[in-house]
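The structure appears below as structure tokens.
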Amino acid sequence: MRAVFSRQALALLPLAFLTLMALAPLARLLYEGGSGFSANLFQDDYLRWRLLWSLTQAVVTCVLALAIGLPLAWVLTRFAFPGRALILRLLLLPFVMPTLVAALGVLALFGPHGVTGLNLQDTPWLLLYGNLFYNLPLVIRAASEALASVPASRLAAARTLGCTAWRAFWRVEWPVARPWLASALCLVFLYCFSGFGLALLLGGQRYATVEVEIYSLVAYELNLADAGALALLLLCLSGGVAFGYAWLERRLATPGKVEPLPPRPAVTLAERTLLAGALALLALFAAAPLLAVAGRALSAGVEAWAVLGEGDTLAALANTLRFSALALTLAAVLGLAHALAAQRWLWLRAAAFLPFVLSPVCVAFGLLLLYPGWSASLTLLLGAYALLAYPFVTKSVAAALDGVPPQWPQAARTLGASAPRAFVRVVWPLLQPAFRRGLAFAAATALGEFAVTLFLSRPEWTTLTTLIYQRLGRPGAANLDAALVLSSVLMLFAVSAFVIIEWPGRPAKDSDHA
Amino acid sequence: MFKKVLWLALCTSALGAQAAELRVLTHSSFALSKELLAGFEQQSGVKVVVIKAGDAGEMVNKLILTRANPIADVVYGIDNTLLGKAQQAGVLEPTASPAGAAVKQTLPGMVSVDYGYVTLNYDKAWFARQKLALPTSLDELTRPAYKNLVVVENPATSSPGLAFLLATVKGLGEEPAFAWWGKLRDNGVKVAKGWSEAYYTDFSKNGGSRPIVVSYATSPAAEVFYSKEKLAEAPTGNLLLKGGVFQQVEGVALVKGGGQKQAAQQFVDFLRSGAVQADLPTQMWMYPVLPGVKLNPVFALAQQPTAHDTPDSRAIAAKSAGWVSRWTRVVLKSGY
Numbered sequence: 001m002r003a004v005f006s007r008q009a010l011a012l013l014p015l016a017f018l019t020l021m022a023l024a025p026l027a028r029l030l031y032e033g034g035s036g037f038s039a040n041l042f043q044d045d046y047l048r049w050r051l052l053w054s055l056t057q058a059v060v061t062c063v064l065a066l067a068i069g070l071p072l073a074w075v076l077t078r079f080a081f082p083g084r085a086l087i088l089r090l091l092l093l094p095f096v097m098p099t100l101v102a103a104l105g106v107l108a109l110f111g112p113h114g115v116t117g118l119n120l121q122d123t124p125w126l127l128l129y130g131n132l133f134y135n136l137p138l139v140i141r142a143a144s145e146a147l148a149s150v151p152a153s154r155l156a157a158a159r160t161l162g163c164t165a166w167r168a169f170w171r172v173e174w175p176v177a178r179p180w181l182a183s184a185l186c187l188v189f190l191y192c193f194s195g196f197g198l199a200l201l202l203g204g205q206r207y208a209t210v211e212v213e214i215y216s217l218v219a220y221e222l223n224l225a226d227a228g229a230l231a232l233l234l235l236c237l238s239g240g241v242a243f244g245y246a247w248l249e250r251r252l253a254t255p256g257k258v259e260p261l262p263p264r265p266a267v268t269l270a271e272r273t274l275l276a277g278a279l280a281l282l283a284l285f286a287a288a289p290l291l292a293v294a295g296r297a298l299s300a301g302v303e304a305w306a307v308l309g310e311g312d313t314l315a316a317l318a319n320t321l322r323f324s325a326l327a328l329t330l331a332a333v334l335g336l337a338h339a340l341a342a343q344r345w346l347w348l349r350a351a352a353f354l355p356f357v358l359s360p361v362c363v364a365f366g367l368l369l370l371y372p373g374w375s376a377s378l379t380l381l382l383g384a385y386a387l388l389a390y391p392f393v394t395k396s397v398a399a400a401l402d403g404v405p406p407q408w409p410q411a412a413r414t415l416g417a418s419a420p421r422a423f424v425r426v427v428w429p430l431l432q433p434a435f436r437r438g439l440a441f442a443a444a445t446a447l448g449e450f451a452v453t454l455f456l457s458r459p460e461w462t463t464l465t466t467l468i469y470q471r472l473g474r475p476g477a478a479n480l481d482a483a484l485v486l487s488s489v490l491m492l493f494a495v496s497a498f499v500i501i502e503w504p505g506r507p508a509k510d511s512d513h514a
Numbered sequence: 001m002f003k004k005v006l007w008l009a010l011c012t013s014a015l016g017a018q019a020a021e022l023r024v025l026t027h028s029s030f031a032l033s034k035e036l037l038a039g040f041e042q043q044s045g046v047k048v049v050v051i052k053a054g055d056a057g058e059m060v061n062k063l064i065l066t067r068a069n070p071i072a073d074v075v076y077g078i079d080n081t082l083l084g085k086a087q088q089a090g091v092l093e094p095t096a097s098p099a100g101a102a103v104k105q106t107l108p109g110m111v112s113v114d115y116g117y118v119t120l121n122y123d124k125a126w127f128a129r130q131k132l133a134l135p136t137s138l139d140e141l142t143r144p145a146y147k148n149l150v151v152v153e154n155p156a157t158s159s160p161g162l163a164f165l166l167a168t169v170k171g172l173g174e175e176p177a178f179a180w181w182g183k184l185r186d187n188g189v190k191v192a193k194g195w196s197e198a199y200y201t202d203f204s205k206n207g208g209s210r211p212i213v214v215s216y217a218t219s220p221a222a223e224v225f226y227s228k229e230k231l232a233e234a235p236t237g238n239l240l241l242k243g244g245v246f247q248q249v250e251g252v253a254l255v256k257g258g259g260q261k262q263a264a265q266q267f268v269d270f271l272r273s274g275a276v277q278a279d280l281p282t283q284m285w286m287y288p289v290l291p292g293v294k295l296n297p298v299f300a301l302a303q304q305p306t307a308h309d310t311p312d313s314r315a316i317a318a319k320s321a322g323w324v325s326r327w328t329r330v331v332l333k334s335g336y
């Protein structure tokens with residue numbers, strides 16, 4: 001009973017945070033706008049077309065990401081090869097790249113002056129490629145974790161009973177992977193549906209999402225009534241998706257003790273071909289644009305790399321380190337508290353998606369309205385970082401909690417352990433890998449600073465990402481080169497962060513907490 | 001370690017609050033030599049807190065939204081496209097210009113600091129390679145020879161995009177201007193969200209396929225300044241066409257309801273001082289309003305427009321929202 005009570009109390013922390021940082025600002029903005037939005041707002045064919053387009057591209061991306069990501073993940077999980085652990089960590093890198101830099105990388109490959117000689121600019125292919133660049137890694141990571149949690153004994157039993165590998169996949173692995181995939185695809189959908197993403201940048205304004213319309217209404221026209229109405233519409237649409245996902249995830253969860261199947265080397269020619277093909281696909285979709293950026297930076301020459309010695313760059317590096325560390329600390333606390341509390345209530349689980357479904361520009365302007373005295377403070381900026389980063393920790397830990405067999409902590413209690421002790425000794429070791437995974441995603445979000453330009457900032461708070469945007473705000477080859485060099489540094493920085501966060505690289509073994 | 005950092009952050013922000021602070025709101029392109037700002041702080045005895053609020057349009061809206069509790073004492077970077085809007089909302093304190101020499105450009109009710117031109121830039125190498133003659137009027141851009149060659153910024157999300165739209169309306173007349181935009185759309189104009197996107201992903205000089213881009217008249221000079229090897233000539237040029245040049249004047253003013261009036265006025269004077277006026281051209285790529293300031297020699301490589309089509313700031317305030325939504329209808333919405 002006391003455990004239930006304390007879990008309820010835990011919910012207060014993320015709820016207070018969400019209310020202060022997201023709901024109250026949105027409400028304040030809606031209040032400022034009043035109810036006088038134009039009646040013909042929703043009659044507009046162009047708006048309907050945009051909504052339809054946003055939905056279509058989000059769904060198409062989800063389908064493609066699943067169709068390509070699941071087989072890729074299967075190969076990466078089942079076969080051992082050198083550098084496998086590192087590749088799984090590097091999968092988060094696209095997340096960190098500022099969209100403009102990612103677009104430069106994509107165009108360096110498939111642009112009018114691209115190295116492939118294939119000019120895809122202004123074609124739908126480039127849009128889908130851009131979407132997959134950012135979202136495929138999400139699906140691969142999730143699917144790979146899911147497949148790693150398929151009990152080896154079950155697979156062995158299926159194979160002994162005469163199942164082909166194909167049949168074993170559908171009967172044993174697929175049911176285990178479903179909740180993980182649902183979770184990842186839900187995120188992919190939300191990103192593509194409401195994002196400012198790469199697709200827009202590569203496709204031009206014709207393919208603008210509704211979020212861009214909201215941005216223009218708020219930031220340029222100050223038409224808060226229309227913007228608020230649109231933001232609520234988006235909130236309802238994507239909120240429904242988030243709620244559906246939370247329900248699905250909980251329903252599909254199957255707690256159980258897991259002895260994962262260890263990856264084995266690819267032996268036969270068919271297996272090797274499969275592995276090589278998977279790695280090639282991964283390189284094409286996730287690595288190529290990043291390599292193009294790094295390659296251009298390397299070929300920029302010594303003068304371009306001199307930017308690393310500049311005081312501004314060093315200060316930006318220090319800020320990046322400082323802010324990400326602070327934001328991650330906040331995200332860790334909030335994320336854990338939210339996940340532990342969300343096990344009881346479905347709505348609370350869905351609420352973790354709130355930061356993904358709220359219009360960032362509305363939140364940014366709402367914060368400004370609500371706390372004008374705090375608007376240019378570091379506290380608010382870090383709060384915004386944490387807001388966007390912490391749901392990853394929640395998501396990851398909540399999924400892991402579903403997998404903890406309830407008998408285990410119960411047994412510990414029966415044997416005389418106090419509730420906190422049972423948590424620390426029994427549950428926590430099982431959660432730790434998921435916690436670290438979530439934290440790695442949170443770090444990627446904090447480093448990528450998705451919505452950072454919307455908030456008030458000070459020159460002395462310049463981070464690597466803002467410095468890159470500053471350089472790309474001026475003409476000239478030297479500025480472009482500096483931006484590419486800084487982006488490469490950002491990648492290196494992110495890689496080290498991911499490796500440190502997920503250090504031991506192996507899921508905690510049962511023996512760890514014996 | 002985290003605790004230490006947090007503690008440090010808290011301490012510094014607490015300390016900072018004690019010294020007298022002058023809060024300066026600017027757009028994200030604001031840049032000035034650090035030594036100059038440090039010199040001003042020493043002279044005036046206040047600490048300057050620069051707050052960047054995004055693009056100029058976004059900045060003005062943030063100022064308007066927070067007028068009950070102003071977030072700054074001085075605002076720099078409001079230009080003639082936004083002045084009327086800011087004045088109608090009543091967020092600016094009438095600000096006196098420093099006494100002294102007459103300046104090249106003025107802004108009613110504000111103190112002008114610098115000026116520049118939004119215009120079309122073209123990729124010289126591209127035109128030489130294709131052996132295509134440069135267009136001599138906006139109208140020619142709608143002909144088949146120039147199909148798919150132009151990229152502009154969306155006036156609903158970008159300041160130079162808005163400035164260019166205003167120039168076409170003033171230069172061609174309202175009705176002909178929108179007819180021209182319709183023809184330009186049919187001729188394959190591409191619309192980018194902002195300047196950085198247009199310049200670095202669509203302009204043929206960089207990653208894209210379009211040799212004509214809406215940019216600034218000083219951009220060719222900046223291309224030389226920021227080039228890797230010393231160039232004798234700019235790789236891009238200005239395409240100064242009738243109806244395609246907008247004169248932008250940026251200024252500084254006190255914020256209504258802000259504090260530190262005396263320091264704020266000192267800051268206004270500081271931006272008009274010879275030292276700042278000489279520093280800003282290669283920092284922000286604008287021309288100084290103070291006459292007689294020596295420019296960096298690279299500026300000679302960018303042709304300065306002699307004529308421009310700029311509506312007055314009152315007309316802009318009254319009509320630009322309507323023009324932008326009409327532009328959206330003509331260029332983006334038609335066909336849906």
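Residue numbers (the UniProt record's numbering), protein chains in the order written: chain A, 1 to 514; chain B, 1 to 336. All C-beta atoms in this analysis are idealised placements derived from N, C-alpha and C, irrespective of residue type, glycine included.
Beta-carbon proximity check, residue i vs residue j, cutoff 8 Å
i                : j                : result
Arg264 (chain A) : Ala80 (chain A)  : yes
Leu136 (chain A) : Ala65 (chain A)  : yes
Trp180 (chain A) : Ala143 (chain A) : yes
Val192 (chain B) : Asn238 (chain B) : Here the sequence assigns Ala to residue 192 (chain B), which means Val is not the residue at that position. Not in contact: Ala192 (chain B) and Asn238 (chain B) (Cβ atoms no closer than 8 Å).
Ala483 (chain A) : Thr394 (chain A) : no
Ser35 (chain A)  : Leu234 (chain A) : no
Ala146 (chain A) : Ala177 (chain A) : yes
Phe356 (chain A) : Val397 (chain A) : no
Ala182 (chain A) : Glu249 (chain A) : yes
Arg210 (chain B) : Lys183 (chain B) : no
Leu281 (chain A) : Ile500 (chain A) : no
Ala234 (chain B) : Glu223 (chain B) : yes
Per DSSP, the bridge partner or partners of residue i
i                : result
Arg264 (chain A) : A:Phe79
Ser112 (chain B) : B:Gly251
Asp226 (chain A) : Looking at the DSSP assignment, Asp226 (chain A) forms no beta bridge with any residue, so it has no partner.
Phe246 (chain B) : B:Val118
Phe203 (chain B) : B:Arg210
Val48 (chain B)  : B:Leu22
Asn238 (chain B) : B:Asn121
Ile78 (chain B)  : B:Gly251
Tyr216 (chain B) : B:Val118
Contact list for residue i against chain A, beta-carbon separation under 8 Å
i                : result
Glu197 (chain B) : Leu100, Ala103, Leu201
Asn69 (chain B)  : Pro372, Gly373
Where residue i meets chain B, residues with beta-carbon distance less than 9 Å
i                : result
Gln121 (chain A) : Thr201, Asp202, Gly207, Gly208, Ser209
Leu454 (chain A) : Gly54, Glu58
Proximal chain B residues relative to residue i, where beta-carbon distance stays under 8 Å
i                : result
Glu221 (chain A) : Ala156, Ala321, Val324
Arg474 (chain A) : Ala222, Tyr226, Trp285
Where residue i meets chain B, residues with beta-carbon distance less than 7 Å
i                : result
Leu480 (chain A) : Tyr200, Asn206
Ala303 (chain A) : Correcting the residue identity first, residue 303 (chain A) is Glu in this sequence and not Ala. Neighbours of Glu303 (chain A) on chain B, chain order: Lys228.
Phe365 (chain A) : Leu65
Arg167 (chain A) : Result: empty, since nearest Cβ-Cβ is about 47 Å, beyond 7 Å.
Within chain A, the residues that residue i reaches when beta carbons sit closer than 7 Å
i                : result
Thr282 (chain B) : What Thr282 (chain B) touches in chain A: nothing, since even the nearest Cβ is about 11 Å away.
Glu35 (chain B)  : Here the premise fails: no neighbours, minimum Cβ distance about 12 Å.
Inset, instruction - Entirely within the segment 136–176 of chain A and at least 4 residues each: give me those alpha helix (DSSP H) ranges in chain order. - result: Look at the segment 136–176 of chain A and you find these whole runs of alpha helix (DSSP H), each 4 residues long or longer: 152–160, 165–168.
Legend entry - the segment 81–98 of chain A touching the segment 485–503 of chain A, judged by at least three CB pairs closer than 8 Å: With the cut-off at 8 Å, the segment 81–98 of chain A and the segment 485–503 of chain A touch.
Inset, instruction - Mind listing, in chain order, the continuous alpha helix (DSSP H) runs of no fewer than 4 residues lying wholly within the segment 304–378 of chain A? - result: As far as the segment 304–378 of chain A is concerned, its whole alpha helix (DSSP H) runs of at least 4 residues are 311–342, 346–351, 354–357, 360–370.
Inset, instruction - Kindly provide the ranges of any beta strand (DSSP E) runs that are 3 or more residues long and lie completely inside the segment 283–307 of chain B, ordered along the chain. - result: Here no run is fully enclosed.
Legend entry - Inter-stretch contact (C-beta, 8 Å, three-pair minimum) for the segment 456–471 of chain A and the segment 306–320 of chain A: The segment 456–471 of chain A, when compared against the segment 306–320 of chain A, does touch it at the 8 Å Cβ threshold.
Inset, instruction - Could I get the ranges of all uninterrupted alpha helix (DSSP H) runs contained in the segment 155–184 of chain B, with 4 residues as the minimum, in chain order? - result: Taking 4 residues as the shortest admissible run, the segment 155–184 of chain B contains the following complete alpha helix (DSSP H) segments, listed from N- to C-terminal end: 159–172.
Legend entry - Three CB pairs or more closer than 8 Å across the segment 111–127 of chain A and the segment 36–48 of chain A: Pairwise C-beta distances place the segment 111–127 of chain A out of contact with the segment 36–48 of chain A, as fewer than three of them are shorter than 8 Å.
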